[in-house]
Structures are given as C-alpha cells and as structure tokens.
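These notes are about the structure you will find just below.
Number of protein chains: 2
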Amino acid sequence: MTDQSTAIWLRGERAPRGRAPEHTRGEIAAAAVRLADRQGLAAVTMRALARVIGTGAASLYRYVATRDELVELMVDEVNGEFELERRPDASWLDQMVDLAHQARDIYRRHPWMIEALDTTPTLGPHGCSYLEHALATLAVTGAGGRTRLEAIGVFSGLVRLLCKAERDRQQPGPPSARMAQRNAYLSSVAASGEHPHLAAAFAETSEQSSSEGPQYQGIPAAPSDGQFDGQFDRIVRRTLLGMLHEGDPD
Amino acid sequence: MTDQSTAIWLRGERAPRGRAPEHTRGEIAAAAVRLADRQGLAAVTMRALARVIGTGAASLYRYVATRDELVELMVDEVNGEFELERRPDASWLDQMVDLAHQARDIYRRHPWMIEALDTTPTLGPHGCSYLEHALATLAVTGAGGRTRLEAIGVFSGLVRLLCKAERDRQQPGPPSARMAQRNAYLSSVAASGEHPHLAAAFAETSEQSSSEGPQYQGIPAAPSDGQFDGQFDRIVRRTLLGMLHEGDPD
DNA sequence: CCCTATTCGCGAACGGCGTTCGCACAATAT
DNA sequence: ATATTGTGCGAACGCCGTTCGCGAATAGGG
C-alpha cells in the first residue's frame, strides 16, 4: 500500500516498482457490489469477499486500508450509475425530481446502499460528479453555496428515507420471526383498549393485507404502493421548495 | 428467561418461582443508556455493560435475548422522555412541531439514538404512547389511519435526519483523521478545475470556519447554526403539509 | 542477463465481539 | 427437608476486522 494516511482516491492504484498486483480496485469493488446485491451488506466480510475473488483475506488489505474503505469503494462504484446529463429545458425542480427517481431506482437495484450510507458518508469521484451536478442544477435558484449544500444533503437523506420505507414495506417471504414478535406485541397493545387511535389505525392497516402488516420505523405501514410514487414526488418537491424558497409552494 | 420466542414487552420480567433476579430491565437499560451517552453506542458491548453493572456478560442474557433487544430497551427507555400532554388549543401542525423539538432535544441528549434507530425500528410501550399521541394529533386533519402512520414515519425519520446533520456539523476536538482525509480529497477535487460549482461552494464554506469544514452525508456543511432552527421548523412544516394536505402551504 | 530493490500474496495469529453451554447455587412450593 | 425452578456466570465457540512476517514475483539498473 502506498500511503495509508491519505484518502483512497488520492492514493495511486498501481506502484511503479515491484511486483504487479493481480487485481484492481474496480474489480474488487464490482465483486463486493455483486456479493452485497445477492446476500446483503453484512455478508461482505473480508474473508467472504476474498473467497469470491479467489484470494486470501489478508491480500485485500493491499488494495484497501480498512473494511470501511471497501464500502466507500462500493458506494462510489454504484454512484457511477447516475446519468447526469444537463437538461436546460426542464425546471430545476423537475431536474431534482429526476435525480430523486434515479436514486430510487439505484436503491431498488442495490438495497444495501440504504444501510451503507448510514455509516459511510464520504464523497468519491462519482459522488463529486453527483454533487457538482446537483449544485449546478440548484444554481438558478439564486441560493448561496451553503444553502444549496445543505439542501442537497437533506434532499439525499430524504430520498434514502423514503426508499427505505418502500423497501421495508415489501419484504419477501415469511415474516422474519422478529417481525412476528413485533406484530404480536402491537396486536396486544391494540387489544388492550388504551391507545384507541393506534388500535384503529392498526386494524385499518391489517384489514387489507392478508398477512400481518409490515412496518417502517417501528410503525406499521400499509401496502399503499399505488400511492407511493405520488407521495414520493410530492414530499420531495415540498421539501426542496421549503429549503430553497421562502414563499409559494408547488 | 421465560419464553424467548415472543417480544420482550410481552415476556414477564419476574418469574413467580425460583430464585429472584438481582437486577431489573429498567436498571440495565438505564446503565446502558448512561454508557452510550458517555462512550457511544459501539461501546455498549455485553461485556462492557456487564462490567458496569457488576456482573458477568452471560448473566445479561437472563434479561435480554440478544444485543438488539438490549438496544430496543434503551430506545424505549429514552422514548419515555417525551412529554405527551394534550394541548387542544394549538393547531395540529404546531403540536407536531413541538414534538419535533422534543425529539431534537432528546437526540442532543442521547446522540447515539440517531444510529440506534438505523437498525432498531421497533415500538416499545413508550414508542406506542408516542405513536398514539401523534395519531391523535393528526386525527383532526381528516386523513386516514394509513396516511397518518405513513406521515408519522416520514416525519420521525426526517427529524432524525436533520438532527444527524446538526450533530455531524458540530463535532468536538480535532478532525478525526478520517475527516482530514475527506477534506484533503475534496480540496484536491476543488483545485482540479473540474467541478467549478463544487469548488465555489467549498471555498465559500471554508472561508468562515477557521478549520476545515465538517461534513454531512459526505457533503460539507457550513456552521450556519443560527439558521438551523428556522430551517428545521420550515422543512418539518412543509413536509407534513405535503403529506397531509393536497393544496395550500404554510 | 543477472541482481537487487521493491512490492505482492497470504497463512497464521491476535484480540474482541455476540452468543451458548453447563453447572453450582439460591429461592420458593410442597 | 426435599423437589422444583430460575439465576449467575466461567469457559468456550465461531466469526469478525486486522496485523505480522516471510517467500515469491516483478521491474529497473548495471
């Protein structure tokens, strides 16, 4: 490893002298992304990834200083899936909504990204391109750099939040035993008579879905996926306007 | 342990027969909260908590089936800090904003709660009281149970998001070496000439704060704390209105 | 073309984690 | 007094991220 004390993006990938490495960062990142797509982020351990690549676990540390840095690589790899064309015809708001839709598609393709960004808030090259694009898009609002940065941060977090809600709503297969516990407790609370609003809302939720209602943030959510896209757009629009304009809404 | 297959809130704390336990859930939860307040959530390991309490690590499993369940206990313990009085005089929106302020204060007191809710979205007794309160508050909007549940989920997530932004903005002491790496890379990107908007915004950010600008979501954020509260309220209000009303804004 | 400097691959080991096992022991019910 | 039922917990298991050290591979300089 060249110099472990600087960011990975500033470290050269290949040393000019000595033996040549057998892999590349891109190769490793791609393999890690595939693994996470299939088995979740927790399954991406150094040993498991090394096995997939066909090498030893310790070898990975020739390419990456720590596991967190590996996740950074994965995140930036996936951030490269954004298509950041300029579209001067559309309003800044529509362009941001388009960005939000792209992010939503990416989260659907790579659900582990939702958790990965909980712990890994770093900007790689692709992240910088994304940020540059968003900053440029918001330039026409007249807002200052600080305001726009803040807005983009909240915007990204909000999109992630909504996508997490969507994902948690439609979990596959049988409820995960943990979920069963939650629903059992919620049912008992509903049946207890206190918390009448909760009981009503919970009943309303369960009446449509055949199985127990899934949850988000510990809060039961109905399979109202038909309305999801509309909600998504409206919330994103409102929030952006709230941050970047004083008055008038949608 | 009574029956490990049902939710902890349905399990009796004390068994009628046999030897009496030396601790209580509340005692353990409180100790864990204190530990997390002081050293962060990662420092709350079974062994460390046991040492604080003055017992063996394995003993904790008499009170809690898993570490996640311990975190659930901690979260619900802290959720008990909400003051949920009825205030029929205030508008539903003002009441929700008050709830958001309370949550913000709680996150300031217990910063680890922000991360704890990333992984632990379960409702305990206090969580149910909170949810009941919020549902009741939103009842006057005329929205259905499903819509209100969804709105409360996004509302809570958004508040947490904003508080995380605030927390990451004002980190104490010297930048954590990891931060230094990020800023070094961002500086190099800014200096590279591509990404002009990013360069401008980054320069604007660094000019005021003496040290390097801290970040949120990988995005540098300025110390605009004076405006934070205003932003906070406006975003929360807008988003709530966006979810619960079709037309008119604030 | 060999030699030496330099890097790479990686088996083995370390310390720490969550969790399980099994047993000695304490409290209660009979 | 005895049987029953939980409890406390030392020891151990398996997995994790990470480090060490060394043999093997490569490249540039003579």
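So the protein sequences, as listed, match chains A and B. Using this note's numbering, read the first sequence as starting at 3 and increasing by one per residue. Using this note's numbering, read the second sequence as starting at 3 and increasing by one per residue. Positions of the beta carbon are idealized from the N, C-alpha and C atoms, including for glycine.
Mind pulling the chain A residues with CB within less than 8 Å of residue i?
i, result
"serine 190 of chain B", "Leu12"
"glutamate 85 of chain B", "What glutamate 85 of chain B touches in chain A: nothing, since even the nearest Cβ is about 17 Å away."
"glutamine 233 of chain B", "Glu152 and Met245"
"alanine 1 of chain B", "Because chain B in this structure spans residues 3 to 252, residue 1 of chain B falls outside the shown range and cannot be described."
"leucine 75 of chain B", "None at all; the shortest Cβ gap to chain A is about 13 Å."
"alanine 47 of chain B", "As written in the sequence, residue 47 of chain B is threonine, which differs from the alanine given in the question. Ordered by position in chain A, no residue passes the 8 Å Cβ test against threonine 47 of chain B, which lies about 18 Å from the chain."
In chain order, what residues of the same chain lie with their CB nearer than 7 Å to the CB of residue i, ignoring the 5 residues before and after it?
i, result
"tryptophan 94 of chain B", "Thr139, Leu140, Val142 and Thr143"
"threonine 124 of chain A", "Glu74"
"aspartate 78 of chain B", "Gly126, Pro127, His128 and Gly129"
"methionine 48 of chain B", "Ala59, Leu62 and Arg69"
"leucine 133 of chain A", "Leu125 and Ile154"
"arginine 27 of chain B", "Glu15, Tyr65 and Leu75"
"phenylalanine 230 of chain B", "Glu168"
"alanine 31 of chain B", "Leu75, Met76 and Glu79"
Quick check: the Cα distance between residue i and residue j, rounded to an integer number of angstroms?
i, j, result
"glycine 42 of chain B", "proline 113 of chain B", "8 Å"
"alanine 52 of chain A", "alanine 44 of chain A", "15 Å"
"aspartate 120 of chain A", "arginine 169 of chain B", "14 Å"
"alanine 17 of chain A", "histidine 25 of chain A", "13 Å"
"arginine 19 of chain B", "threonine 207 of chain A", "40 Å"
"serine 190 of chain B", "histidine 199 of chain B", "14 Å"
"methionine 181 of chain A", "glutamine 172 of chain A", "13 Å"
"alanine 193 of chain A", "alanine 201 of chain A", "7 Å"
"valine 54 of chain B", "alanine 60 of chain B", "14 Å"
"serine 131 of chain A", "alanine 203 of chain B", "14 Å"
"alanine 145 of chain A", "histidine 135 of chain A", "15 Å"
"alanine 205 of chain A", "alanine 167 of chain A", "20 Å"
"glutamate 29 of chain A", "phenylalanine 84 of chain A", "19 Å"
"serine 178 of chain A", "leucine 86 of chain A", "38 Å"
"leucine 12 of chain B", "alanine 50 of chain B", "27 Å"
"tyrosine 187 of chain B", "glycine 195 of chain B", "13 Å"
"asparagine 185 of chain A", "threonine 8 of chain B", "10 Å"
"glutamine 183 of chain A", "alanine 92 of chain B", "37 Å"
"proline 90 of chain A", "phenylalanine 157 of chain A", "21 Å"
"alanine 34 of chain B", "histidine 197 of chain B", "46 Å"
Residues of chain B with CB under 9 Å from residue i, in chain order?
i, result
"alanine 145 of chain A", "Per Cβ cutoff of 9 Å: no residues; alanine 145 of chain A is ~10 Å from chain B at best."
"aspartate 120 of chain A", "Glu117, Asp120 and Thr121"
"threonine 207 of chain A", "Gly147, Arg148 and Leu151"
"glycine 82 of chain A", "Neighbours of glycine 82 of chain A on chain B: none; closest Cβ ~15 Å, over 9 Å."
Anything in chain A within Cβ reach of residue i, meaning under 7 Å, just list it in chain order.
i, result
"histidine 199 of chain B", "Glu134, Leu137, Ala138 and Ala141"
"arginine 236 of chain B", "Gly244"
"cysteine 130 of chain B", "Val191, His197 and Leu200"
By Cβ distance below 8 Å, which residues in the same chain neighbour residue i in space, the five residues on each side in sequence not counted?
i, result
"cysteine 165 of chain B", "Ala105, Arg106, Tyr109, Arg110 and Ile116"
"leucine 137 of chain B", "Gly147, Arg150, Leu151 and Ile154"
"proline 251 of chain B", "At proline 251 of chain B, the pLDDT of 43 sits below 50, so the modelled position is not reliable and the matter cannot be decided from this model."
"threonine 57 of chain A", "Glu24 and His25"
Please work out which residues of its chain come closer than 6 Å, Cβ to Cβ, to residue i, disregarding the five sequence neighbours upstream and downstream, and give them in chain order.
i, result
"alanine 38 of chain B", "Val46 and Trp114"
"glutamate 71 of chain B", "Ile10"
"glycine 82 of chain A", "His128"
If the cut is a Cβ gap below 7 Å, which residues of chain B does residue i touch?
i, result
"tyrosine 2 of chain A", "Summary: the structure shown does not reach residue 2 of chain A, with chain A confined to residues 3 through 252, and so no result is reported for it."
"glutamate 15 of chain A", "In chain order: nothing, as chain B lies at least about 15 Å away."
"glycine 56 of chain A", "Under the 7 Å cutoff, chain B gives no residues; its nearest Cβ is about 30 Å from glycine 56 of chain A."
Which residues in chain A sit within 9 Å of residue i, going by Cβ to Cβ distance?
i, result
"alanine 203 of chain B", "Leu133, Leu137, Gly146, Gly147, Arg148, Arg150 and Leu151"
Among the options, which residue has its Cα nearest to the Cα of residue i?
i, options, result
"proline 23 of chain B", "B:Leu12, B:Ala33, B:Val35 and B:Tyr63", "B:Tyr63"
"arginine 88 of chain A", "A:Gln97, A:Gly82 and A:Arg36", "A:Gln97"
Name the chain B residues whose beta carbon is nearer than 8 Å to that of residue i?
i, result
"alanine 92 of chain A", "What alanine 92 of chain A touches in chain B: nothing, since even the nearest Cβ is about 18 Å away."
Closer than 7 Å: is that where the CB of residue i sits relative to any heavy atom of the ligand HEM?
i, result
"arginine 16 of chain B", "Only the bare structure without any ligand can be found here, which leaves the ligand HEM out of the picture."
- Message: Below 8 Å, how does it come out for the stretch 158-166 of chain A and the stretch 95-110 of chain A: are there three or more Cβ pairs, yes or no?
- Response: yes
- Message: Tell me whether the stretch 235-250 of chain B and the stretch 236-250 of chain A touch, counting them as touching only if at least three CB pairs, one residue from each stretch, are closer than 8 Å.
- Response: yes
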